[in-house]
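1917 is the number that the working numbering gives to position 453 of the sequence shown; each next residue is one higher, with no gaps.
We put the beta carbon where it would ideally sit given N, CA and C, even for glycine.
Predicted model only: the values in this text are computed from it and were never measured.
Here's the structure, in structure tokens; my notes come after.
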Amino acid sequence: MNDTTHLHPHEAHPGPALSARPASGGTRYTCPMHPQIVCDAPGSCPICGMTLEPLTVQAQDEDNPELASMTRRFWVGLALTLPVLALAMIDYLPGIHAAALPGAAAYPWIEFALASPVVLWGGWPFFVKGWRSVATWNLNMFTLIGLGVGVAYAYSVIAQVVPQIFPPAFRDPASGHVDVYFEAASVIVTLVLLGQVLELRARSSTNAAIRALLGMAPKLARRIAPDGTEADVPLEQVQVGDRLRVRPGEKVPVDGVVLEGASSVDESMITGEPMPVEKGAGDKVVGATVNSSGALVIQAQRVGADTLLAQIVHMVSEASRSRAPIQKLADLASAYFVPAVVVTAALTFAVWAVFGPAPAMGYAVINAVAVLIIACPCALGLATPMSIMVATGKGAAAGVLFKNAEAIETLRRVDTLVVDKTGTLTEGRPRLQEVMPTQGFAADEVLRLAASLERGSEHPLAAAIVQGAQNKGLALEPATDFQAAPGKGVTGTIAGAHVLLGNAALLSANGVGTAALAAPAEAQRAQGRTAMFLAVDGQAAGLVAVADPVKATTPEAIRQLHAEGLRIVMLTGDSETTAKAVARDLDIDEVIAGVLPDQKAQTVKRLQAEGRFVAMAGDGINDAPALAQAQVGIAMGTGTDVAMESAGVTLVKGDLRGIVRARRLSRATLRNIRQNLFFAFVYNSLGVPVAAGILYPFFGILLSPVIAAAAMSFSSVSVVANALRLRRARI
């Protein structure tokens, strides 16, 4: 294995990997329990010994050489182990004594011949991993397996080949023979191999959600050439700017904008909503969604790794390999667990050797081996990563993307949700409502000047004004000396006139009075509209009123969030009257109006200082600091890339109902992790003492290493199976 992460021999939990890209540009591999381990070739994790997985999930199941190898070793081991077990069990059958059977003296030699390939070939990977764990002092489950199986097999070989070297304490008082444990060694290896096969198969299914997402992308796109001819081309050949035809029933090949046609598009793969969305010229479409009825011609805007689907897959993959804070508990326990088990096994050997019945040494060996085998901490290590992997895939299918495992764990604790108004509660596509000029100015002149100035701005309100002017057929003029005052408005020069457009604070700062427009502006705000004042050469010229419609899903989302027990705080740069009008209609708990962009993070800090556990939902660049400041940042997938980078959770379609789904998934995931950890801790807490023989003085019960191996293998499988239950969780 070509490791790109180098570990200090005594570093049990290294920091982030300093990984380099493979020279061939091929697949890279990582450990699901230790994502800081990144390698250029398949192999096993140098910390825990677990089989590495590809960093990049493919749409189709890839061949898994580790699974193939373990499966082959298991079936060969099973075929050889069954007769070994049958020979060893003869003495336990009623009325039958092995010594009286024909050829009985050869039975131990037959066991030796059959068990040796099982242990030495079938169990070879475990010995290699166990030796590596000791050499690097990263003790793990393979340390215990290698030690337990090695002791049982080596003891049996010596007892079979040179029994005369053993003193009476090792011999059966009745027969005088030294017992051998070939069946224990071979059955342990076979059961561990079975556990590895089941675990590898189960782990591969945790990436099913990612493979399902990848499988949604079409393989071909119908490209329209400049001369009008059309041809189907592989999706990889589509470039930004290409014109593509999407026929009824076909999948949209890439993210783009509709140029021609009208249709309804099924976007349930990213929204979870079954109702198709009507699309026409100018509307955006998302790759892998399904065109239901009409034909569309679209222009490609995002291709390859830049498409929304590719970004979703990337975020899900990254989040599934991140570590939740609760994982620290398992890490801390594992760091001390294996050495403690080795010490316990040594004490078990010593106690049985001194106080056990004859043959005392035989009991000492077999019980020490049982302790080593049953205590393998694999279930403990898998408890958190498996649940996180399944939860991220489940969230993606519901339109909720988690950036990391920490966001999954902490979202359930949120008690206060801070929401930006524009683009979060509202559609973010404001529309011009009314133009009110002052005496001496015409309405079209006010709108023309406002639109000419706002053409240089990227603010959603600016787009509404420009669109309103274009709808009226007004001729816009270029603006010079354009400047934006964050939270106040814009200024510039149009045809030699100095023009201001913004709130009262902007005009007041430039010595322009707004008293004549105060009452009309307040009336507009009372209707939930945003009123902007226009001034020309130091004189108030009129106001422009714009309204941003509330999203159709917002009222229901607010009701669901209140039902979750959340206090909802709305932040907006709008006036208090406008903000309260919106808040009143939506039943929002608290409104903070007139907030400048740089004050949003301060508001979040204030709420946190009051003891609140805060989530911030926003969509713009100016929301990024607040998203980063909150305990959980929630970005609208319809917003800016900067907002999504700053947030721990992204709602793909910007529907706040996704927060409710995300919280339910957060609770279900933490409940699942706690179940796994509880089982793993209780299993080891009960299993180790029983394997050590604590029940023998009271009930005469001893735990065979064979039973211990079965319990150990299926404990890991049960943890993975419990994690997979999350796929059926109702959110």
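- The straight-line gap separating the alpha-carbon atoms of Ala1809 and Gly1614 is approximately 14 Å.
- For the pair Gly1768 and Ala1774, the CB atoms are nearer than the 8 Å cut-off.
- Contact check for Asp2001 and His2026: beta-carbon distance about 50 Å, past the 8 Å limit, so the pair fails to qualify.
- The bridge partners DSSP lists for Gly2082 are Ala2099.
- For the options Val1899, Thr2114 and Leu1917, the alpha carbon positioned closest to that of Gln1988 is the one of Val1899.
- Contact holds between the segment 1875-1887 and the segment 2129-2144, because three or more Cβ pairs, one in each stretch, are under 8 Å apart.
- Rounded to the nearest whole angstrom, the C-alpha separation of Ser1597 and Leu1608 is 10 Å.
- With respect to the C-alpha of Pro1572, the residue from Ala1999, Lys1593 and Pro1547 having the closest C-alpha is Pro1547.
- In the three-state reduction of the DSSP assignment, His2026 falls in the helix class, which pools H, G and I.
- Look at Asn1755 here: in three-state DSSP terms it is strand.
- The beta-carbon distance between Val1710 and Ile1762, rounded to whole angstroms, is 6 Å. This is short enough to meet the 8 Å contact definition.
- If you draw a 10 Å sphere on the C-beta of Val2152, you find 16 or more other C-beta atoms in it, and that means buried.
- Residue pairing by DSSP places Leu2035 opposite Asp1884 and Ile2056 in a beta bridge.
- Selection Leu1544, Met2034 and Leu2050 evaluated against Ala2079 yields Met2034 as nearest (Cα-Cα).
- Under the Cβ criterion (8 Å, minimum of three pairs), the segment 1989-2009 does not count as touching the segment 2085-2094.
- Distance from the CA of Val2059 to the CA of Leu2150, rounded to the nearest whole angstrom, comes to 58 Å.
- Listed as beta-bridge partners of Gly1859 by DSSP are no residues whatsoever.
- The straight-line gap separating the alpha-carbon atoms of Ala1928 and Asp2119 is approximately 22 Å.
- Cβ neighbours of Gly2112 within its own chain (closer than 6 Å, five residues either side excluded): Lys1867, Ala1871, Val2096 and Gly2097.
- Judged by their CB atoms, Ala1505 and Pro2169 are not nearer to each other than the 8 Å cut-off.
- The beta-carbon distance between Val1704 and Leu2188, rounded to whole angstroms, is 39 Å. This is too long to meet the 8 Å contact definition.
- In the three-state DSSP reduction, Lys1952 falls in the coil class, being neither helix nor strand.
- The beta carbon of Thr1654 lies closer than 6 Å to those of Gly1541, Leu1542 and Thr1545 in the same chain, with the five residues before and after it left out.
- A distance below 8 Å separates the beta carbons of Ala2099 and Gly2082.
- In the three-state reduction of the DSSP assignment, Met1996 falls in the strand class, which pools E and B.
- Using a 10 angstroms sphere on the CB of Met1534, the tally of other CB atoms reaches 16 or more, which defines it as buried.
- Where Pro1984 is concerned, there is no enclosing beta strand (DSSP E), although the alpha helix (DSSP H) around it starts and stops at Ala1979 to Ala1990.
- The Cβ atoms of Thr1902 and Ala2004 lie closer than 8 Å to each other.
- Note: Tyr1493 is bridge-paired with Cys1503 and Pro1518 in the DSSP secondary-structure output.
- Judged by DSSP in its simplified three-state form, Asp1696 adopts strand.
- Rounded to the nearest whole angstrom, the CA to CA distance from Tyr1645 to Thr1494 is 37 Å.
- A direct Cα-to-Cα measurement between Ala1745 and Thr1848 gives close to 47 Å.
- In this structure, Leu1925 sits away from Lys1952, with a CB-CB distance that is not shorter than 8 Å.
- DSSP links His1498 through a beta bridge to no other residue.
- With a 10 Å radius around the Cβ and a threshold of 16 neighbouring Cβ atoms, Glu1700 comes out exposed.
- The Cβ-Cβ distance between Leu1889 and Ala1915 does not fall below 8 Å.
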